[in-house]
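What follows is a set of notes on a single structure, which appears directly below.
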Ligand SMILES: N[C@@H](CCC(=O)N[C@@H](CS)C(=O)NCC(=O)O)C(=O)O
Ligand SMILES: [Fe+2]
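Residue numbers (this note's numbering): 2 to 357.
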């Protein structure tokens, strides 16, 4: 199985990608609205097709990427039926399964942090995604959205800590950067729910947390009850419109050789190789300006900030770094030529060979 743990530093949220290599089908658990382009780039690079997104609950601290992902790739939106959210494709109940290829997640109702919390357990019980029902050496708060210490205590003790000792537990958040725990560990060491703790101890602890509400709660809860669909405004679309570009999981925007040829007249092309390479057997793009990568930062004044920039090198590696430097220097429209001069030449596109 393909498995990735992704992170949103703004809300300390983990998003999980599960993929079945045989069928190419994938699920995303708890995607974050702002990271949809990143998640799509990863799916594309791993050759996976997103079948569904599953939220563990109605989050109070970030907006889900579920609706935005469905818009982009047709994935089904899965969420607890108990939540009553609008526009859900798969309202989930305890005991149901969500399949991806030959694999599946089993749905367990684990209310208590909110009334609609679910835990997703992998078919072989080697992993479970606990949302905020069980955090690493902690648990989600119980003071809003129908939360209840009594319910959370029963959910964790009966539905999560009864999984096999070795079952790995992946939470929706960790505020210290810890990534994973196990049933055996939490049964023994969870200071709120493990060891000899009883319901009275737990409720006493939870009723006196005195935490401020999450900063984004007033925005996030209503947005998540619409599965992350923006209320009025056009959805945030981060795909640049100055040329057809593809975001790579590395964070760099790429342009294909043919697209660059079509848009060359409106762009500035910066070749970041060394001077002798510019006139070697690969040649260079007819309109390219030579600025070796080692000189780029000192020569930014030679570039027009009003026009998009495409960086080019031999293979696309140095120019990817040039794109990063240009973006850091405040250039807003930057892309890297995919595959560099090697691909440009291999595709038989026009080259110039004269000197600088
Ligand atoms: N400072 C965070 C607070 C986040 C928060 O309250 N998180 C909830 C999960 S949605 C929680 O249960 N936290 C447990 C804890 O902080 O002990 C924010 O403003 O977003
Ligand atoms: Fe939460």
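All C-beta atoms, glycine included, are put in the ideal place defined by N, C-alpha and C.
For ligand 1, is there a heavy atom less than 8 Å away from the beta-carbon of residue i?
i, result
"residue 176", "yes"
"residue 142", "yes"
"residue 264", "no"
"residue 12", "yes"
"residue 36", "no"
"residue 212", "yes"
"residue 241", "no"
"residue 95", "no"
"residue 165", "no"
"residue 136", "yes"
"residue 170", "no"
"residue 153", "no"
How many Å lie between residue i and residue j at the Cα?
i, j, result
"residue 61", "residue 145", "9 Å"
"residue 149", "residue 305", "59 Å"
"residue 65", "residue 74", "15 Å"
"residue 353", "residue 280", "8 Å"
"residue 276", "residue 344", "20 Å"
"residue 312", "residue 114", "49 Å"
"residue 242", "residue 86", "33 Å"
"residue 296", "residue 316", "19 Å"
"residue 11", "residue 175", "12 Å"
"residue 56", "residue 111", "13 Å"
"residue 31", "residue 324", "30 Å"
"residue 216", "residue 222", "11 Å"
"residue 129", "residue 34", "23 Å"
"residue 54", "residue 108", "13 Å"
"residue 15", "residue 262", "40 Å"
"residue 226", "residue 220", "10 Å"
"residue 319", "residue 136", "41 Å"
"residue 270", "residue 37", "29 Å"
"residue 127", "residue 201", "31 Å"
"residue 338", "residue 49", "24 Å"
"residue 63", "residue 69", "14 Å"
"residue 172", "residue 307", "44 Å"
"residue 160", "residue 59", "20 Å"
"residue 8", "residue 51", "18 Å"
If residue i and residue j are in contact, beta carbons under 8 Å, what's the gap, nearest whole angstrom?
i, j, result
"residue 266", "residue 256", "Between residue 256 and residue 266 the Cβ distance is about 14 Å, and since that is not below 8 Å, they are no contact."
"residue 88", "residue 228", "5 Å"
"residue 181", "residue 170", "7 Å"
"residue 23", "residue 103", "6 Å"
"residue 83", "residue 132", "13 Å between Cβ atoms; not a contact."
"residue 101", "residue 19", "6 Å"
"residue 77", "residue 119", "Going by Cβ atoms, the distance from residue 77 to residue 119 rounds to 15 Å, so no, they are not a contact pair."
"residue 28", "residue 99", "7 Å"
"residue 184", "residue 213", "Residue 184 to residue 213, Cβ: 31 Å. No contact."
"residue 293", "residue 274", "7 Å"
"residue 301", "residue 336", "With 8 Å as the limit, residue 301 and residue 336 do not qualify as a contact, their Cβ atoms being about 17 Å apart."
Just checking residue i against ligand 4 - is the residue's beta carbon closer than 8 Å to any of the ligand's heavy atoms?
i, result
"residue 344", "Among the ligands in the structure shown, ligand 4 does not appear; only ligand 1 and ligand 2 can be found there."
Considering residue i, what are the terminal residues of the beta strand (DSSP E) in which it resides?
i, result
"residue 290", "289-291"
"residue 233", "Counting along the chain, residue 233 falls outside any beta strand (DSSP E), and DSSP gives it neither H nor E."
"residue 255", "254-256"
"residue 15", "14-21"
"residue 40", "It is not in any beta strand (DSSP E) - residue 40 instead sits in the alpha helix (DSSP H) that spans 37-46."
"residue 311", "310-313"
"residue 210", "Here residue 210 belongs to no beta strand (DSSP E), and DSSP marks it neither H nor E."
"residue 128", "128-132"
"residue 146", "Counting along the chain, residue 146 falls outside any beta strand (DSSP E), and DSSP gives it neither H nor E."
"residue 28", "26-30"
"residue 179", "Note, residue 179: premise wrong, no beta strand (DSSP E); not H, not E."
"residue 172", "169-172"
"residue 54", "50-55"
"residue 337", "335-338"
Starting from residue i, follow the alpha helix (DSSP H) in both directions and report where the run begins and ends.
i, result
"residue 73", "67-74"
"residue 159", "Taken as a continuous stretch (DSSP letters only), residue 159 belongs to no alpha helix (DSSP H), as it is neither H nor E."
"residue 225", "218-225"
"residue 341", "341-347"
"residue 296", "294-297"
"residue 322", "318-329"
"residue 185", "184-190"
"residue 276", "276-279"
Any heavy atom of ligand 2 closer than 8 Å to the Cβ of residue i?
i, result
"residue 133", "yes"
"residue 62", "yes"
"residue 105", "no"
"residue 1", "Here the chain comprises residues numbered 2 to 357, so residue 1 is not present and cannot be evaluated."
"residue 115", "yes"
"residue 173", "yes"
Who does residue i pair with in a DSSP beta bridge?
i, result
"residue 11", "In the DSSP output, where bridge partners are listed per residue, residue 11 has none listed."
"residue 353", "285"
"residue 104", "101"
"residue 200", "Paired residues: none, contrary to the question."
"residue 248", "254"
"residue 272", "291 and 313"
"residue 121", "108 and 130"
"residue 139", "136"
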